[in-house]
Each structure stands twice: as structure tokens, then as C-alpha cells.
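Q:
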Amino acid sequence: MPELPEVETFKRYLDRTSLHQRITNVEVCDAYVLKRISARGLARRLKGRRFENSHRHGKHLFVHACDELWLRLHFGMTGSLDYLKHDEVTPKTARVIFRFADGRRLAFDDQRKFGEVELVENVDEFLQARGLGPDALDVSLSQFKTIVGKHRGAVKAILLNQQLIAGIGNLYADEILFRARMHPANKAARLKDKDLKRLFRATRYVLGKAIALKTDFNRLPKSWLLTHREKRGRCPRCGRALKSATIGGRTSWFCAHCQKRI
Ligand SMILES: [Zn+2]
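Residue numbers for the sequence shown follow our numbering, beginning at 10 and rising by one.
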């Protein structure tokens, strides 16, 4: 599931390939993906425009088309972007295709159909209406301490709650907790100041490193949990068998030895 690092990687890909070119057509191959707009309306409002820049907040990507027109992309479970040259075949899972004046195309792919495409007039209003918290990479240490420290419940559930901090999903939450050596079920209210600081640093490190490696799982450090989280997986730090449990409604992987329960 695309989380903050994946969406940031899509943002950089879009910025590199698809800005400043006139949009000549928008083809919607599967209308489930459209929210509050018709296929015809989407094409009509974007035709003749150019994508000028983009902005990411949490797992949402906003692409600026003109003053009060932003394309919002949410990648759901399996969404991604594909910039296609003339002779490149459109993937079967392309749901919306933005066609540019030079014949190239930007495809929004989405195999499992949980993605969302929408037009919004004002990004801040959208974020407010959704009640989204600050972006996980924009939060300061003091904000982070306030948000995590004052909420009840398991620390993992807090990291996953988009209304508190936006952008962290199941995989990176487990990775952050592993790096901070914190059990996912630990109660946030019981964390000490130094624990919160450690968790904050781990959050920034894990998200930043994943972005730097373009979220390529083959390049992620072997010392990370991500490539070991499976049945018979072993802790890359101590070699003991990893455990899994449902916490905050999601399957968590952790090392019960390195991540002590408090
Ligand atoms: Zn361990």
C-alpha cells in the first residue's frame, strides 16, 4: 500500500516527467476511481491546461493545474503512475490517462481499484474537511510529542491514525517502531520524553531513507524489518523469530526481544 515515501516518490516522478505540457485529453478507463466528478467533467476542466507543480500531504498528491484547480490523486492499495512514450503500451490496469500535446501520456494505474482521482479547488480546505493531521515529515519534535503523548491507545494505532499524523501506514509504522525499539502495543501515554524523542527521530529517519532509496525494497538496508516480516522471518538485529499480532486493526510484525512491552 503506497505510504508517504511511495507517494513522495510518485510526486518526484510526476514532477520530472509531466509538468508544463499542454493536456490535450483525459481518458477515463474505469469510472470507479472518480470522486465527485464525471469523466466528461474531468476532461473538460483539464483540457488545454498544464500541470504546473505538485504538493504532497500524507498519502495524497495534489497536482496544480491553474489558480483554483488541483488534481487530487490517492493511490489506495496498489496505485502508481506510469509516464508512457508514444510506442509504449498502456498498462491493463491504467484507470485514467492524461494525454499531452507531444503524444506522451501519464497513466494512473491501479490494480485493486482503491485509488481516487478528484478535482479540488483548495487544498487546505480539502485537508481540513478530511480532518487530516500534519504531514509526518512536516511535524516538529514538539508537535510530535504533543500529538503522540496526549493520546490514549497503542503507539502503533496513533502512528497509523491519519487524523493525528498523515502519511504513515502499516509497513512503515512497524519499521519506525522496530528502529525505536518500541513494542507496537505500548501505550502512548506511558512513553517518557526520551521515548517520544526516539520515536520522532526514527520516524524521520525511516521515511527519509525510504524516499532516498526511492522505496526500492531491494535496496532497503538488510538491517530493516521490512524485508524480514514474514512467517519464519528472523529479527535482523538479534536473530530471534519475529512475532506478529493484530494491533490497531492491522497485522504488526515485531521482535519481542528487541521491542520490549512496557
Ligand atoms: Zn530482535
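Here a beta-carbon is modelled for each residue, glycine too, at the ideal position from N, C-alpha and C.
Do His-192 and Arg-270 have their beta-carbon atoms positioned less than 8 angstroms apart in this structure?
A: In the sequence shown, counting from the first residue as 1, residue 270 sits at position 261. In the sequence shown, counting from the first residue as 1, residue 192 sits at position 183. In contact: Arg-270 and His-192 (Cβ atoms closer than 8 angstroms).
Q: Given Ile-177, which residues of its chain have a CB within under 8 angstroms of its CB, disregarding the five upstream and five downstream residues?
A: Stepping through the sequence shown from its first residue, residue 177 is reached at position 168. Only Glu-12, Leu-13, Ala-145, Leu-168, Leu-169, Ile-185, Thr-212, Leu-216 meet the Cβ criterion.
Q: So, for Ser-219: in the same chain, excluding its five sequence neighbours on each side, which residues have a beta-carbon less than 6 angstroms away from its beta-carbon?
A: Locating residue 219 in the sequence shown gives position 210, where the first residue counts as 1. Reading off the sequence shown, one finds Ala at residue 219, where the question assumed Ser. The answer, listed in chain order, is Pro-14.
Q: Kindly provide the ranges of any alpha helix (DSSP H) runs that are 4 or more residues long and lie completely inside the stretch 111-150, ordered along the chain.
A: 132-139
Q: For Ala-74 versus Arg-58, is the C-beta distance shorter than 8 angstroms?
A: Mapped onto the sequence shown, residue 74 falls at position 65. Mapped onto the sequence shown, residue 58 falls at position 49. Yes. Within cutoff.
Q: Report back the beta-carbon spacing between Cys-264 and Phe-187 to the nearest angstrom; my notes put them in contact at under 8 angstroms.
A: For the purposes of this step, residue 264 is taken as residue 255 along the sequence shown, with counting starting at 1. For the purposes of this step, residue 187 is taken as residue 178 along the sequence shown, with counting starting at 1. Beta-carbon to beta-carbon, Cys-264 and Phe-187 are separated by about 7 angstroms, close enough to satisfy the 8 angstroms threshold.
Q: Let's test the definition: count the other Cβ atoms within 10 Å of the Cβ of Gly-258 and tell me whether it reaches 16, buried, or not, exposed.
A: Stepping through the sequence shown from its first residue, residue 258 is reached at position 249. Classification for Gly-258: exposed.
Q: What first and last residue would you give for the beta strand (DSSP E) that runs through Ile-106?
A: Position 97 of the sequence shown, counting from 1, holds the residue named residue 106. For Ile-106, the enclosing beta strand (DSSP E) starts and ends at 103-109.
Q: For Cys-244, is the classification buried or exposed, using 16 other Cβ atoms within 10 angstroms of its Cβ as the cut-off for buried?
A: For the purposes of this step, residue 244 is taken as the residue at position 235 of the sequence shown. Buried, since its Cβ has 16 or more Cβ neighbours within 10 Å.
Q: What residue does the alpha helix (DSSP H) around Ile-256 start on, and which one ends it?
A: Within the sequence shown, residue 256 is the residue found at index 247, counting from 1. Segment 252-256 is the beta strand (DSSP E) holding Ile-256; no alpha helix (DSSP H) there.
Q: Only counting runs of 4 or more residues, tell me where the alpha helix (DSSP H) segments fall wholly within the stretch 152-198, in order along the chain.
A: 164-169, 179-188
Q: In terms of residue numbering, what span does the beta strand (DSSP E) encompassing Arg-271 cover?
A: For this step, residue 271 is matched to residue 262 along the sequence shown. A small fix is needed here, since residue 271 is Ile in this sequence, not Arg. Looking at the DSSP string, Ile-271 is not in any beta strand (DSSP E), and its letter there is neither H nor E.
Q: So what does DSSP say about Glu-239, is it helix, strand or coil?
A: For this step, residue 239 is matched to residue 230 along the sequence shown. If DSSP states are grouped into helix, strand and coil, Glu-239 belongs with coil.
Q: Between which two residues does the alpha helix (DSSP H) carrying Asp-204 extend?
A: What you label residue 204 is simply residue 195 of the sequence shown in a count that begins at 1. Where Asp-204 is concerned, the enclosing alpha helix (DSSP H) stretches over 202-221.
Q: Just how far apart, CA to CA, sit Phe-84 and Pro-143?
A: Taking the sequence shown and counting its residues from 1, the one referred to as residue 84 is at position 75. Taking the sequence shown and counting its residues from 1, the one referred to as residue 143 is at position 134. Those two C-alpha atoms are separated by around 19 angstroms.
Q: Roughly how many angstroms separate the alpha carbons of Leu-78 and Glu-61, rounded to a whole number?
A: Taking the sequence shown and counting its residues from 1, the one referred to as residue 78 is at position 69. Taking the sequence shown and counting its residues from 1, the one referred to as residue 61 is at position 52. If you take the alpha carbons of Leu-78 and Glu-61, they lie about 11 angstroms apart.
Q: Which residue's Cα is closest to the Cα of Leu-92: Phe-19, Gln-137, Phe-123?
A: As a working mapping, residue 92 is identified with position 83 in the sequence shown. Contrary to the premise, residue 92 reads as Tyr rather than Leu in this sequence. Here the closest residue by C-alpha is Phe-19.
Q: Thinking just about the alpha-carbon of each residue, which of Ala-221, Gly-248, Lys-223 is nearest to the one in Leu-234?
A: The residue given as residue 234 occupies position 225 in the sequence shown. Its Cα nearest to that of Leu-234, the residue Gly-248 stands out among Ala-221, Gly-248, Lys-223.
Q: In chain order, what residues of the same chain have a beta carbon less than 8 angstroms from the beta carbon of Val-42, not counting five sequence neighbours either side?
A: For this step, residue 42 is matched to residue 33 along the sequence shown. Its chain contains Arg-104, Val-105, Phe-117, Asp-119, Lys-122, Gly-124, Glu-125, Val-126 as the residues whose beta carbon lies nearer than 8 angstroms to that of Val-42, once the 5 sequence neighbours on both sides are disregarded; these appear in chain order.
Q: I need the straight-line Cα distance from Asp-225 to Thr-236, nearest angstrom please.
A: Your numbering for residue 225 matches position 216 in the sequence shown. Your numbering for residue 236 matches position 227 in the sequence shown. Taking the straight line from one Cα to the other gives about 11 angstroms.
Q: For Val-37, name the three-state secondary structure that DSSP assigns.
A: The sequence position of residue 37 within the sequence shown is 28, counting from 1. In the displayed model, Val-37 falls within a strand according to three-state DSSP.
Q: Beta-carbon separation of Gly-67 and Gln-137 under 8 angstroms?
A: Position 58 of the sequence shown, counted from the first residue, corresponds to residue 67. Position 128 of the sequence shown, counted from the first residue, corresponds to residue 137. Cβ distance not < 8 angstroms, so Gly-67 and Gln-137 don't count as in contact.
Q: Cβ-heavy atom distance between His-237 and ligand 1 below 7 angstroms?
A: Counted from its first residue, the sequence shown places residue 237 at position 228. Flag unset: Cβ of His-237 not near ligand 1.
Q: Spatial neighbours of Asp-39 within its chain, please: C-beta separation below 6 angstroms, excluding the five flanking residues on both sides.
A: Locating residue 39 in the sequence shown gives position 30, where the first residue counts as 1. The answer, listed in chain order, is Arg-104.
Q: Between the C-alpha atoms of Gly-88 and Leu-23, what's the straight-line distance to the nearest angstrom?
A: Here residue 88 is taken as the residue at index 79 of the sequence shown, counted from 1. Here residue 23 is taken as the residue at index 14 of the sequence shown, counted from 1. The alpha-carbon atoms of Gly-88 and Leu-23 are separated by roughly 14 angstroms.
Q: Within this structure, are the beta carbons of Leu-205 and Lys-252 separated by less than 8 angstroms?
A: As a first step, residue 205 must be located in the sequence shown, where it is residue number 196. As a first step, residue 252 must be located in the sequence shown, where it is residue number 243. For Leu-205 and Lys-252, no; Cβs fall outside 8 angstroms.
Q: Taking the C-alpha atoms as reference points, what is the distance between Ser-27 and Leu-115?
A: Position 18 of the sequence shown, counted from the start, is the residue given in the question as residue 27. Position 106 of the sequence shown, counted from the start, is the residue given in the question as residue 115. Each residue's Cα considered, the two are about 7 angstroms apart.
Q: Determine the direct distance from the alpha carbon of Cys-267 to that of Lys-165, and round the result to whole angstroms.
A: As a position in the sequence shown, residue 165 is number 156, starting the count at 1. As a position in the sequence shown, residue 267 is number 258, starting the count at 1. Their Cα atoms are separated by approximately 16 angstroms.
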